[in-house]
Amino acid sequence: MTKDGTEGEPKVPDQTLLSVNGLTKAYPGVVANNNVSFSIKPGEVHALLGENGAGKSTLVKMIYGLVRPDSGDMALNGAPYTPSEPRAARASGVAMVFQHFSLFDALSVAENIALGMENPPKQNVLSAQIREVSETYGLPLDPERLVGELSAGERQRVEIIRCLLQNPKILIMDEPTSVLTPQEVEILFETLRKLSAEGTAILYISHKLDEIRALCDSATILRLGEVVDICNPHEKTARELAEMMVGQTLHTPSRKPHKQEGVVLQVSDLSMRSATAFGTSLKDISFSVHAGEVLGIGGVAGNGQDELLAAISGETSPDAGTVTVHGTPVQHLGPNQRRKLAILTAPEERLGHAAAPDMSLIENALMTGAIRENLTNRGFLKWGAAKTFAEKIIANFDVRTPSPNNAARALSGGNLQKFVVGREILQRPDVLVVNQPTWGVDAAAAADIRQALLDLAAQGSAVIAISQDLDELMEISDNFSALNEGRLTAPRSVQGLTVDEIGLMMGGAHGMEAAHV
Amino acid sequence: MIRLEKRPVPSKLWTYLTPIAAVVATMVAGGILFAFLGKDPVEVIRIIFWDPLFHPDFSAYSRPQLLVKAGPLILIAIGLSLGFRAGIWNIGAEGQYIIGAICGAAVGLAFYPMDAWFIFPLMIIAGAIGGLLWAMIPALLKTRFGTNEILVSLMLVYVASNQLASVSQGLLRNPDGMGFPGSRNFQQYPAAYNAELIAGTGMHWGVLTAFLAVIAAYILLNRHILGFQIRLTGESPRAARFSGVRPKLLILFCMGVSGAAAGLAGIFEVSGPSGQINISFNAGYGFTAIIVAFLGRLHPVGILLAGLLLALTYIGGELAQLMLGLPAAAIQVFQGMLLFFLLAMDVFTNYRIRIGSPEAA
Chain A
881 MTKDGTEGEP
891 KVPDQTLLSV
901 NGLTKAYPGV
911 VANNNVSFSI
921 KPGEVHALLG
931 ENGAGKSTLV
941 KMIYGLVRPD
951 SGDMALNGAP
961 YTPSEPRAAR
971 ASGVAMVFQH
981 FSLFDALSVA
991 ENIALGMENP
1001 PKQNVLSAQI
1011 REVSETYGLP
1021 LDPERLVGEL
1031 SAGERQRVEI
1041 IRCLLQNPKI
1051 LIMDEPTSVL
1061 TPQEVEILFE
1071 TLRKLSAEGT
1081 AILYISHKLD
1091 EIRALCDSAT
1101 ILRLGEVVDI
1111 CNPHEKTARE
1121 LAEMMVGQTL
1131 HTPSRKPHKQ
1141 EGVVLQVSDL
1151 SMRSATAFGT
1161 SLKDISFSVH
1171 AGEVLGIGGV
1181 AGNGQDELLA
1191 AISGETSPDA
1201 GTVTVHGTPV
1211 QHLGPNQRRK
1221 LAILTAPEER
1231 LGHAAAPDMS
1241 LIENALMTGA
1251 IRENLTNRGF
1261 LKWGAAKTFA
1271 EKIIANFDVR
1281 TPSPNNAARA
1291 LSGGNLQKFV
1301 VGREILQRPD
1311 VLVVNQPTWG
1321 VDAAAAADIR
1331 QALLDLAAQG
1341 SAVIAISQDL
1351 DELMEISDNF
1361 SALNEGRLTA
1371 PRSVQGLTVD
1381 EIGLMMGGAH
1391 GMEAAHV
Chain B
101 MIRLEKRPVP
111 SKLWTYLTPI
121 AAVVATMVAG
131 GILFAFLGKD
141 PVEVIRIIFW
151 DPLFHPDFSA
161 YSRPQLLVKA
171 GPLILIAIGL
181 SLGFRAGIWN
191 IGAEGQYIIG
201 AICGAAVGLA
211 FYPMDAWFIF
221 PLMIIAGAIG
231 GLLWAMIPAL
241 LKTRFGTNEI
251 LVSLMLVYVA
261 SNQLASVSQG
271 LLRNPDGMGF
281 PGSRNFQQYP
291 AAYNAELIAG
301 TGMHWGVLTA
311 FLAVIAAYIL
321 LNRHILGFQI
331 RLTGESPRAA
341 RFSGVRPKLL
351 ILFCMGVSGA
361 AAGLAGIFEV
371 SGPSGQINIS
381 FNAGYGFTAI
391 IVAFLGRLHP
401 VGILLAGLLL
411 ALTYIGGELA
421 QLMLGLPAAA
431 IQVFQGMLLF
441 FLLAMDVFTN
451 YRIRIGSPEA
461 A
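Sequence lines, in order, name chains A and B. First residue of the first sequence? That's 881 in my numbering, and the numbers climb one at a time after it. First residue of the second sequence? That's 101 in my numbering, and the numbers climb one at a time after it.
As structure tokens, this is what we get:
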């Protein structure tokens, strides 16, 4: 294994489209990339694989001109390539689709695309171009629709078409499938294969191993900012790739045998109108969760996940329907009254919802723990007890922080997630709802969180895991259900459920009919 | 090239440094302003900041004034700071101050010339309730109809000052005043007079209340769940709702407390240093208290110090008017600059300056 990606590949220089040689980038306190080298040929689908914090984002930001390397160089078509800003990168034929979209909800598809162009043509010319590209690459999209009405998959198509209109030589895609249904993933892969066949190279960033094995010709694996291997993902198993990425043997969550007993949480005909124009209204949601059961709720983001959690946590009260816990109706109660009844939740958005960014971990422990952990005395705060509780969370859930006095926003995403989930689990919930339990968390920490959820269920709690990661839901859930435009499908046992069935429960592919005329 | 780079965590050092830096910058810019007005800038700055406390001739008169001016500023600013911490912007403390003074004074004047121990406490309670009710107008409009509390509370200041003009010429006018506007003077009505507690210090009941408010606010913010909820709401409203805060109740509480504090400041002022309700009773304490609150970093102890400093600029400004013939507006510009520089300097709390090309560092 050599660090120099060009060496050992007997290719003539002009067959290499982009070569990256010894890129190093250090930030105060951390070396994000250390002597990273690899190369891409025209038409190659190349994966960048690594955990959160492995340096994938910094690497592509350097390629896209957002960040300037400390040392090392790049060459595009044999000529030196030093983009000073994204505009220069785009002019050289490098385009990027970001994980988080930068689109305006209130503008149409064509208007959004025009905003990202240097010299946009007239709207009707542009609309025609958009239609042409979308038909050529099987990306159905109506240029006149408002972006606010589009699904996440359709929004991603807007971003992809915006890139394709520039005829890129290299397309960088950052975690593109995290917001898609399985069917939408298939559409995306067909598009990417078509592009690859036409000679466009694709740099595909992901930590989803099965996708990489299905799609990519080669993979550069990063760990702690260094290249640990460059391999052909078809020749490796998912487990081999994962262990290269993590650098250790992976622990698979195990379930203790347990039986499901009586119904703990019962939701009946719950309807709730969305408070905002672009939120999702919940419609006639009914389900029940037993003691010891893990109910997995899948679905593409923005189909009512936040709203469902808020309806159970007590942040919003439903317009119709009931929520009962052990037979007691709670739908009219606020969050603290529900906490008294042992209904606890962990929202998706860590900073700003589940935790206050600039407050210390002690204060964040107090935020939801005040009642059940008995952290106040006639309204006066027991700081000592709050600190003990925070330290208990930190110790039990392996939260890496110098001290409980550190601000929440100083923690990495994975550590804060462990803190947020741990804070609720330690309060002995009868019902726990977790939205995206392992979003942005590295593989080892994700396994720990899943294990903790399984252990909690084994002790007789009813657990609801809302996630976009289907593999995760299949691993931990007893029953599976999906949210689609604010409706929840009837839960089904995970045993024997096929990927196609799951995809249909999630609502199939938006606009798929148009794609396959 | 100069760039701003976001700090990963707000700088603790700059949090404390910005008020001092803002005072220094205000002195420099104020000095330039005074130089344009044809005055010696060093002399003006000395008259404003030094002479009121240490001049051999006037300091005996002006030193007690420091507490007299600082009392209402601190009391109002403490009330405002609770709301400001939670992102609830009561800009109308001046109006609540006026209404508190009118209500309290009206109660006192109603008992004239009776002599009883309960008159003064009743006036104080009436003053607090008057300010509280005046603040409830923007609070209820906000919680019921979602109106902007900044606009409504500010507009109500002008309503209140018209009320002041009206009662000092009508309802509360001194019957023995020979037709001049203005109420009876409480100095001549001992049962209702807010006298100095220690002669020659300027210390009256209002100043004592202000100091108690500082302590109470400190305990509330640092030791009580309600103060925690206030801070949490200011940090992140969504996290606050998740933790069980009821936002509407919190709005009513913060507006109510700030209104009551302003009303208290009003009644202590009218029954003491000012002595009577008249058209020119309000001296802008309600607005200056906003500067005090921010200059003190919304922290009770900081507000105590900032209140004393701003009180100094009031006294020093009067002195400068007297000695150098500076226009009264000049000192208001000076106070305004202080807030301006403070907010501008706050950039350094969240950003650091980098000189050089991007990414060169």
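A virtual CB, placed ideally from N, CA and C, is assigned to each residue, including glycine. Treat the numbers as computed from the prediction; the structure is a model and nothing was measured.
(request) Name the one or two DSSP bridge partners that Gln-1146 of chain A has. (result) A:Ser-1168, A:Thr-1204
(message) Whether or not the segment 1075-1095 of chain A and the segment 920-928 of chain A are in contact is what I'm after, with contact meaning three or more pairs of Cβ atoms, one per stretch, closer than 8 Å; do they touch?
(response) yes
(request) Have a look at B:Leu-271, B:His-399, B:Leu-326, B:Gly-300 and flag the residue whose alpha-carbon is nearest the alpha-carbon of Ala-210 of chain B. (result) B:Leu-271
(message) Considering only DSSP beta bridges, list what Arg-1372 of chain A is partnered with.
(response) A:Phe-1360
(message) Any heavy atom of the ligand ADP closer than 7 Å to the beta-carbon of Leu-1044 of chain A?
(response) Although the ligand ADP was asked about, the structure shown includes no ligands whatsoever.
(request) Please confirm if Phe-342 of chain B has its CB atom under 8 Å from at least one CB of chain A. (result) yes
(request) Along the alpha helix (DSSP H) that carries Met-1053 of chain A, what are the first and last residues, could you check? (result) That residue, Met-1053 of chain A, is in no alpha helix (DSSP H); its beta strand (DSSP E) goes 1050-1054.
(message) Helix, strand or coil for Ile-379 of chain B? Go by DSSP, reduced to three states.
(response) coil
(message) Along the chain, where does the alpha helix (DSSP H) containing Tyr-944 of chain A start, and where does it finish?
(response) Counting along the chain, Tyr-944 of chain A falls outside any alpha helix (DSSP H), and DSSP gives it neither H nor E.
(request) Give the DSSP bridge partners of Glu-1106 of chain A, in chain order. (result) A:Arg-1103
(message) According to DSSP, is His-399 of chain B part of a helix, a strand, or is it coil?
(response) coil
(request) Please decide whether Ala-1323 of chain A counts as near chain C, where near means a Cβ-Cβ distance under 8 Å. (result) This model lacks chain C altogether; the protein chains it does include are A and B.
(request) Please list the residues of the segment 1219-1240 of chain A that have a C-beta atom closer than 9 Å to any C-beta atom in chain B, keeping them in chain order. (result) Residues passing the 9 Å Cβ filter: Arg-1219, Thr-1225, Pro-1227, Glu-1229, Leu-1231, Gly-1232, His-1233, Ala-1234, Ala-1235, Ala-1236, Pro-1237, Asp-1238, Met-1239.
(message) Can you give me the C-alpha to C-alpha distance between Asp-884 of chain A and Gly-902 of chain A, rounded to a whole angstrom?
(response) The pLDDT assigned to Asp-884 of chain A is 44, lower than 50, so where the model puts this residue is not dependable; a value taken from the coordinates is nonetheless given after this. Approximately 8 Å between the Cα atoms of the pair.
(message) Let's see if you can read the secondary structure: which residues bound the alpha helix (DSSP H) around Asn-450 of chain B?
(response) 447-450
(message) Can you tell me whether Trp-217 of chain B is buried or exposed? The criterion is at least 16 other CB atoms within 10 Å of its CB, across all chains shown.
(response) exposed
(request) Given a cut-off of 8 Å, decide if Thr-301 of chain B and Leu-167 of chain B are closer than it, judged by their beta-carbon atoms. (result) yes
(request) Can you pull the chain A residues whose beta carbon is under 7 Å from the beta carbon of Ile-325 of chain B, in chain order? (result) Taking a Cβ-Cβ threshold of 7 Å, the residues of chain A close to Ile-325 of chain B are Ala-1250, Thr-1256, Gly-1259, Leu-1261, in chain order.
(request) Could you check the C-alpha separation between Ser-466 of chain B and Leu-398 of chain B for me, to the nearest Å? (result) The displayed coordinates of chain B run from 101 to 461. Any statement about residue 466 of chain B would go beyond what the structure contains.
(request) Please compile the residues from chain B whose C-beta is within a distance smaller than 7 Å of the C-beta of Met-1386 of chain A. (result) Here the premise fails: no neighbours, minimum Cβ distance about 27 Å.
(request) Look up Ser-371 of chain B in the DSSP assignment and say whether it is helix, strand or coil. (result) Coil at Ser-371 of chain B, not helix or strand.
(request) Evaluate the contact criterion for the segment 355-373 of chain B versus the segment 1367-1386 of chain A: three or more CB pairs, one atom per stretch, below 8 Å. (result) no
(message) Checking the sheet assignment: what are the DSSP bridge partners for Cys-1111 of chain A?
(response) A:Ala-1099
(message) For Ala-420 of chain B and Val-370 of chain B, I'd like the C-alpha separation in whole angstroms.
(response) 25 Å
(message) Measuring alpha carbon to alpha carbon, tell me which residue in A:Val-1169, A:Gln-1307, A:Pro-949, A:Ala-1370 is nearest Gln-1146 of chain A.
(response) A:Val-1169
(message) When you compare the CB of Glu-1034 of chain A with every CB in chain B, is at least one pair closer than 8 Å?
(response) no
(request) Just tell me which of A:Ala-1250, A:Ser-1193, A:Ser-964, A:Asp-1199 has its CA closest to the CA of Ala-1155 of chain A. (result) A:Asp-1199
(message) Comparing C-alpha positions only, which one of B:Gly-130, B:Lys-112, B:Tyr-116 sits nearest to Val-433 of chain B?
(response) Comparing Cα positions, the closest option is B:Gly-130.
(request) Look at Ile-367 of chain B and Gly-204 of chain B and say whether their C-beta atoms are less than 8 Å apart. (result) yes
(message) Using a Cβ-Cβ distance cut-off of 8 Å, determine whether Leu-350 of chain B contacts chain A.
(response) no
(request) Under 7 Å between beta-carbons, which chain B residues line up against Asn-1216 of chain A? List them in chain order, please. (result) Gly-344
(request) Report yes if the CB atom of Phe-394 of chain B is closer than 8 Å to the CB atom of Leu-439 of chain B, and no otherwise. (result) yes
(message) Could you check whether Val-1205 of chain A and Val-1311 of chain A sit closer than 8 Å to each other, using their CB atoms as the reference points?
(response) yes
(message) Using only the alpha-carbon positions, how far apart do Ala-313 of chain B and Ile-178 of chain B sit?
(response) 7 Å
(message) Using a Cβ-Cβ cutoff of 8 Å, what residues of the segment 933-947 of chain A are near chain B? List them in chain order.
(response) The segment 933-947 of chain A vs chain B, Cβ under 8 Å: Val-947.
(message) So, does the segment 1277-1297 of chain A touch the segment 1234-1242 of chain A, judging by three or more C-beta pairs under 8 Å?
(response) yes
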